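Numbering (the working numbering), first residue to last: 19 to 329.
Structural data, given as structure tokens:
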């Protein structure tokens, strides 16, 4: 049986054991969220030995050369010594400069990093509150905002959202890895219809993409559809209406869950050159995508980021 070592601790594990499970079951707390290799909350650094990695391309060549691995994607096949990601040592310092409620369940968190962070609309960051880490998409725009903005879904209790409810101005927080997902704005789309379909706080990164498209003077029609549990959860309704008032090519559709089936049935493309960006839960993204494919949207013109449930 291979030996697993962390610091002064060393124990045997069954060959082929999932590294994340082996660590957490032994009481070495490694945070995780998606278990799919997307969120990067479970980063560990291999000091000696090499695990079997199901997703080697999920990290950059530089990260892998430094020994970083995603524990959820690795199996222990030989003796292995690892070091856990330490937010105080490996993360970037920031402080809370804003924490207010945009709706009964959506908390807007604004952070000021100690040094400027280069990012693009649509990317996401791992946030650390103490030893709890979660990935969140950026809703801010680097060219216009002097802070990092995140929209946190707090409908249900969770370790990070529970901690976030207690944030006060000036509280310290650590930033983990900056990740680029599928969502972005491409200047080559400028003359094409652009559809942005979001569910819940999937609107956050698409709000950043929308502002980037308008900043670059997008000429085609822009349609944004927001699906919420109820009318009170259209948490960016006023900012979106203000943008639409100043941009005649922008159309806003606010839907509740009860209205979604009828709205999807009436969905028609204005052009097969439409570019669509989707963000939200797996069920909502799947429902949007299936309808767009049925309407004739080519698959290579749909980009999606899915908010995977923790587990």
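No residue lacks a Cβ here, since even glycine has one placed at the ideal position from N, Cα and C. Bear in mind the structure is a predicted one, so any value in this text is a computation, not a measurement.
Hey, residue i and residue j are a contact pair by Cβ (cut 8 Å); roughly how many whole angstroms apart?
i	j	result
residue 239	residue 284	That pair is no contact at about 17 Å.
residue 46	residue 24	5 Å
residue 302	residue 182	About 23 Å separates the two Cβ atoms, so there is no contact after all.
residue 156	residue 141	6 Å
residue 212	residue 231	6 Å
residue 260	residue 237	Not confirmed; about 20 Å, so no contact.
residue 286	residue 313	6 Å
residue 196	residue 135	7 Å
Note down, in chain order, each residue of its chain lying with its Cβ closer than 7 Å to the Cβ of residue i, except the 5 sequence neighbours on either side.
i	result
residue 51	57, 59, 152, 153, 328
residue 158	165, 166, 167, 226
residue 325	220, 298, 299
residue 109	146, 192, 193, 194
Whose C-beta lies closer than 6 Å to the C-beta of residue i among residues of the same chain, with five residues either side of it excluded?
i	result
residue 133	none
residue 251	121
residue 177	150
residue 309	282, 285
residue 96	20, 67
residue 116	128
residue 143	193, 196
residue 41	48
Kindly indicate the opening and closing residues of the alpha helix (DSSP H) around residue i.
i	result
residue 155	Careful: residue 155 lies outside any alpha helix (DSSP H), inside the beta strand (DSSP E) at 150-155.
residue 296	Element bounds for residue 296: not the alpha helix (DSSP H) but the beta strand (DSSP E), 293-298.
residue 123	No alpha helix (DSSP H) holds residue 123; DSSP gives it neither H nor E.
residue 179	177-182
residue 82	79-83
residue 168	Note, residue 168: premise wrong, no alpha helix (DSSP H); beta strand (DSSP E) at 166-171.
residue 39	37-43
residue 59	No alpha helix (DSSP H) contains residue 59, which DSSP labels as neither H nor E.
residue 278	278-283
Taking the C-alpha atoms as reference points, what is the distance between residue i and residue j?
i	j	result
residue 307	residue 191	36 Å
residue 93	residue 280	46 Å
residue 72	residue 54	10 Å
residue 90	residue 293	33 Å
residue 290	residue 111	45 Å
residue 150	residue 130	19 Å
residue 242	residue 199	19 Å
residue 29	residue 22	5 Å
residue 83	residue 255	45 Å
residue 172	residue 180	8 Å
residue 76	residue 189	32 Å
residue 282	residue 184	39 Å
residue 113	residue 187	8 Å
residue 48	residue 139	29 Å
residue 265	residue 228	11 Å
residue 161	residue 257	18 Å
residue 86	residue 263	47 Å
residue 148	residue 323	27 Å
residue 267	residue 318	24 Å
residue 253	residue 315	29 Å
residue 234	residue 79	32 Å
residue 35	residue 320	36 Å
residue 163	residue 169	15 Å
residue 288	residue 39	48 Å
residue 107	residue 88	18 Å
In its own chain, which residues sit with a C-beta less than 8 Å from the C-beta of residue i, not counting the 5 before and 5 after it?
i	result
residue 98	20, 21, 22, 23, 37, 64, 66, 67, 68, 69
residue 27	44, 46
residue 278	245, 305
residue 119	125, 126
residue 74	82
Between which two residues does the beta strand (DSSP E) holding residue i run?
i	result
residue 108	Note, residue 108: premise wrong, no beta strand (DSSP E); alpha helix (DSSP H) at 105-108.
residue 190	190-197
residue 227	From DSSP, residue 227 is part of no beta strand (DSSP E) but of the alpha helix (DSSP H) over 221-233.
residue 98	98-102
residue 261	Careful: residue 261 lies outside any beta strand (DSSP E), inside the alpha helix (DSSP H) at 255-264.
residue 28	27-30
residue 243	240-246
residue 142	142-147
residue 217	212-217
residue 21	21-24
Check whether the Cβ of residue i lies closer than 8 Å to any heavy atom of the ligand GDP, and answer yes or no.
i	result
residue 317	As far as ligands go, the structure on display features none, and thus does not contain the ligand GDP.
Could you check whether the Cβ of residue i sits closer than 9 Å to any Cβ belonging to chain C?
i	result
residue 300	Chain labels in this structure do not include chain C; a single protein chain is all it has.
Do the region 98-107 and the region 63-72 meet, that is, are 3 or more Cβ pairs less than 8 Å apart? Contact between the region 98-107 and the region 63-72 is present, because at least three Cβ pairs lie under 8 Å.
Could you tell me whether the region 294-314 touches the region 221-239, where touching means 3 or more Cβ pairs closer than 8 Å? Verdict: yes, contact present.
For the region 272-280 against the region 234-248, are there 3 or more C-beta pairs whose distance is under 8 Å? In short, these stretches touch, since the Cβ pair count reaches three.
Would you check if there are 3 or more beta carbon pairs closer than 8 Å linking the region 120-136 to the region 199-212? Touching, no, given that fewer than three Cβ pairs across the two stretches are closer than 8 Å.
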